[in-house]
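Report on the structure given below.
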Amino acid sequence: MTREHVLPDWLTGLGLGFSPVVHHAGPLNQVPREWSSKPFRTTVRMVCATCNNGWLSELERKAKPVLTPLIRGEPRRLSVDDQALIAAWTCKTALVSLLASATGPRPGGPPEEYTALYAHRDRAEPLPFSQYWIGSYTGDLRAASAWVTPFVIEAAGAQSPPALPSGYAMTLVLGRLLVQGVRFVVPALAVELVTQRGFVDIWPPTDTVPWPAAGFADDAVLDRMNRAQTLISQVEGVRLSAFTPATELPASTLDGTLIRLPLYCGKHEAAYPAELAYATQRTGRHYTFLTGCECPFGYIIRTEADGAHMKRWGDPAAVEAAYEEWPGEEFVVSVEHGIFSCKEED
Numbered sequence: 002m003t004r005e006h007v008l009p010d011w012l013t014g015l016g017l018g019f020s021p022v023v024h025h026a027g028p029l030n031q032v033p034r035e036w037s038s039k040p041f042r043t044t045v046r047m048v049c050a051t052c053n054n055g056w057l058s059e060l061e062r063k064a065k066p067v068l069t070p071l072i073r074g075e076p077r078r079l080s081v082d083d084q085a086l087i088a089a090w091t092c093k094t095a096l097v098s099l100l101a102s103a104t105g106p107r108p109g110g111p112p113e114e115y116t117a118l119y120a121h122r123d124r125a126e127p128l129p130f131s132q133y134w135i136g137s138y139t140g141d142l143r144a145a146s147a148w149v150t151p152f153v154i155e156a157a158g159a160q161s162p163p164a165l166p167s168g169y170a171m172t173l174v175l176g177r178l179l180v181q182g183v184r185f186v187v188p189a190l191a192v193e194l195v196t197q198r199g200f201v202d203i204w205p206p207t208d209t210v211p212w213p214a215a216g217f218a219d220d221a222v223l224d225r226m227n228r229a230q231t232l233i234s235q236v237e238g239v240r241l242s243a244f245t246p247a248t249e250l251p252a253s254t255l256d257g258t259l260i261r262l263p264l265y266c267g268k269h270e271a272a273y274p275a276e277l278a279y280a281t282q283r284t285g286r287h288y289t290f291l292t293g294c295e296c297p298f299g300y301i302i303r304t305e306a307d308g309a310h311m312k313r314w315g316d317p318a319a320v321e322a323a324y325e326e327w328p329g330e331e332f333v334v335s336v337e338h339g340i341f342s343c344k345e346e347d
């Protein structure tokens, strides 16, 4: 096995940054692994030498001149072949990024997808049953990112969601370029979709298209795109939703007068008075509290209408400092073994 770059090292020559930066990778519903290195140096040792030095290298060679002006924010028209190449490159990059997110012996994604990618290696186009869109990133929080989010296709109003994903969404940012794609792993469930307003369809392609077009995403919109929240089915009565076992924590549980909430570390849980959740549902007021675990991580947790959400997590001292600045009045609740302190927001 050889090392394949998650994001190609030729990106270092495009002025996206040279100083070490913090990188994150891991499951969508747990605290990610974190490390510091120079940009575009991350590799995965899960690619054979024949592939790495052969068709993967050839794909990078062809994609570089097409992607470079888009990454720099330079206007151009994209031919049908350009669009197919961008979609194929995004597909490959998304699957390689999953390898970097693997934990332990678990593979980074469905093995069948890598088999299909290899079988498709001679075609400058993405895997079948896919759609791709292109737009512009206008945020300032990242120079590059790659998210892969599994989703399900279900009937609106369905009481029990599907047990397995119907496909996955890929959202890739490089400089000013933003590409989003979907791949249906269950062909029978493939439906026509649209994403963020103004984003241009590039796969399947129909004609040359201009870039940039009217599709722009700041950091708030990008966060929704990363979570597959902008994807809308064009089939009446059918919806796309994130596959929650992969994107959300297990459900909280009621333990007497306490609610036990699994934490992002995946190993521990926090407990808080159930009456805070009831009060939020009844009055609309929010309650925010500070907690921690033995990993060690600190967490800021806020009650909302649909449950408690972790708003900050990480280094305990940094999280505690953020909590001190959090808006709200100090609020104390009497519990069985003492008192519980939090902040009450209007």
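In the working numbering, the protein residues as written are 2 to 347.
Note that beta-carbon positions come from the ideal geometry of N, C-alpha and C, so glycine has one too.
Per-residue burial, residue i [other beta carbons within 10 Å of its own, 16 or more giving buried]
i	result
residue 146	buried
residue 338	exposed
residue 288	buried
residue 206	buried
residue 227	buried
residue 72	buried
residue 158	exposed
residue 119	exposed
residue 220	exposed
Beta carbon of residue i nearer than 9 angstroms to that of residue j
i	j	result
residue 182	residue 133	yes
residue 264	residue 150	no
residue 204	residue 98	no
residue 173	residue 94	yes
residue 298	residue 315	yes
residue 136	residue 197	yes
Start and end residues, alpha helix (DSSP H) containing residue i
i	result
residue 268	It is not in any alpha helix (DSSP H) - residue 268 carries neither H nor E in the DSSP assignment.
residue 282	275-284
residue 172	Taken as a continuous stretch (DSSP letters only), residue 172 belongs to no alpha helix (DSSP H), being part of the beta strand (DSSP E) at 168-175.
residue 62	56-72
Range of the contiguous beta strand (DSSP E) that encloses residue i
i	result
residue 219	Counting along the chain, residue 219 falls outside any beta strand (DSSP E), and DSSP gives it neither H nor E.
residue 204	201-204
residue 353	Since the first residue shown for the chain is 2 and the last is 347, residue 353 is missing from the structure and cannot be characterised.
residue 11	Element bounds for residue 11: n/a, residue is neither H nor E.
residue 49	Run containing residue 49: none; DSSP gives neither H nor E here.
Identity of the residue in the options nearest residue i by Cα
i	options	result
residue 296	317, 330 and 244	317
residue 1	13, 310, 301 and 119	Here the chain comprises residues numbered 2 to 347, so residue 1 is not present and cannot be evaluated.
residue 281	178, 347 and 62	347
residue 56	32, 198 and 89	89
residue 259	319, 309, 231 and 241	309
residue 79	202, 49, 153 and 119	202
residue 68	215, 52, 54 and 85	85
residue 13	92, 225, 102 and 65	65
Own chain residues within Cβ distance below 7 angstroms of residue i, not counting five before or after
i	result
residue 115	96
residue 255	275
residue 121	128
Close Cβ partners of residue i (< 6 angstroms) along its chain, the five nearest in sequence each way excluded
i	result
residue 233	195
residue 81	206
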